[in-house]
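**Student:** Position in the sequence shown (first residue = 1) + 3 = the working numbering.
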Amino acid sequence: GPAHLYAHHRAGIIARAEESHGDRRMRVALTASLSFDTSWEGLLWMVAGHELHVIGDDIRRDAGAMVRHIAETGIDVLDVTPTYAEQLVEEGLLTDARHRPQVFLLGGEAAGSALWTRVREAEGMLCYNLYGPTECSVDALWWDAARSERPLVGLPLANTRVYVLDAALRPVAPGVEGELYIAGVSLARGYLGRPGLTAERFVACPFAVGERMYRTG
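1) Quick one: grab the DSSP three-state call for P136.
2) For S140, count neighbouring Cβ atoms within 10 angstroms of its own Cβ and tell me buried if that reaches 16, exposed if not.
3) For a quick check, are the C-beta atoms of E94 and G67 less than 9 Å apart?
4) Let me know the secondary structure DSSP gives T34 once reduced to three states.
5) Taking DSSP as the reference, what is the three-state secondary structure of T201?
6) Using the Cβ count rule (16 or more neighbours within 10 Å means buried), how would you classify T137?
7) On the three-pair Cβ rule with 8 Å, is the segment 140-156 touching the segment 170-181?
8) Can you tell me the Cβ-Cβ gap for Y184 and M216, rounded? I've got them flagged as a contact below 8 Å.
9) Taking the alpha-carbon of V212 as reference, which of V80, M128, A186 has the nearest alpha-carbon?
10) Could you check whether V106 and Y134 sit closer than 9 Å to each other, using their CB atoms as the reference points?
11) What's the gap between the Cα of R27 and the Cα of E21?
12) CB-CB under 8 Å to R63, same chain, minus the five flanking residues each way: which ones, in chain order?
13) Expressed to the nearest angstrom, what Euclidean distance is found between the alpha-carbon atoms of H102 and R218?
14) Three-state secondary structure (DSSP) at L50?
15) Please report the straight-line C-alpha distance between S116 and P154, rounded to a whole angstrom.
16) Assuming L144 and P159 are in contact, meaning their beta carbons sit under 8 Å apart, how far apart are those beta carbons, in whole angstroms?
17) Would you mind stating whether D60 and R30 have Cβ atoms separated by less than 9 Å?
18) Mind checking M128: buried by the 16 CB within 10 Å criterion, or exposed?
19) Would you please state the rounded distance, in angstroms, between the beta carbons of A125 and D99? I believe it to be under 8 Å.
20) Cβ of P174 less than 9 Å from any chain D Cβ?
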């Protein structure tokens, strides 16, 4: 199901991190509230044998304190929004001589070009841009920042398809503005108790009989 696919994708990121940084236990910072879907990724790092550090609100809400905590405790993996990442970078996250994270995961909103340049040029650090609404089981697209000079949402995960369509659900030409639709087995069934909204956002997929796709808006 969707949870399995999400776990499979994250396992791939974990495996690459392990390959690049040796066979040692990494320290993973959990900064997301447990009510957010991204908090699931911490469990996958734990299952893989790594340490999960739950960051308290007093540290998380102070970017300077967070950077100091990362350096002092040797945090290796961060999964944060680009906005929060920018605050951490401004506080010296990438230039602290004591320690720097080895894996940087960005998601939840669009990444700016200035941040993109900073993280992709950070020596010895893997950075992935992740995109996907909750309706599609957290992540639907991913991209290795080292592969492009400008921010990209990237390519669909396994068993996921994406389309950029016009108002008549026809594919638009490259470079033409359209709406992003996501299809695949990771789609949610809909919104509990809200059939109207479900019908509006989860529509029939014209490219596969009997399948649905999600309008990202």
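From the three backbone atoms N, C-alpha and C, an ideal C-beta is built for every residue, glycine too.
Only a predicted model underlies this, so the values are computations on that prediction, with no experimental measurement involved.
**Tutor:** On the basis of the data shown:
1) Coil.
2) It is buried - the Cβ of S140 has at least 16 other Cβ atoms within 10 Å.
3) For E94 and G67, yes; Cβs fall inside 9 Å.
4) The three-state reading of DSSP puts T34 in coil, since its state is none of H, G, I, E or B.
5) The answer is helix: DSSP assigns T201 an H, G or I state.
6) Exposed, because fewer than 16 other Cβ atoms sit within 10 Å of the Cβ of T137.
7) Fewer than three beta-carbon pairs drawn from the segment 140-156 and the segment 170-181 are found closer than 8 Å, and the two stretches are therefore not classed as touching.
8) Confirmed, about 4 Å.
9) Per the Cα distances, A186.
10) 9 Å or more divides the Cβ of Y134 from the Cβ of V106.
11) Rounded to whole angstroms, R27 to E21 spans 7 Å at the Cα level.
12) For R63, the CB contacts under 8 Å within the same chain, skipping 5 residues up- and downstream, are T34, M69 in chain order.
13) Between H102 and R218, the C-alpha separation is close to 42 Å.
14) A small fix is needed here, since residue 50 is Val in this sequence, not Leu. Residue state for V50 is assigned as helix, using DSSP reduced to three classes.
15) Approximately 6 Å between the Cα atoms of the pair.
16) With a Cβ gap of about 6 Å, L144 and P159 count as contacting.
17) Between D60 and R30, the CB-CB gap reaches or exceeds 9 Å.
18) By the neighbour-count criterion, in which a residue is buried when 16 or more other Cβ atoms sit within 10 angstroms of its Cβ, M128 is buried.
19) The pair is not a contact, with the Cβ atoms about 12 Å apart (cut-off 8 Å).
20) Chain labels in this structure do not include chain D; a single protein chain is all it has.
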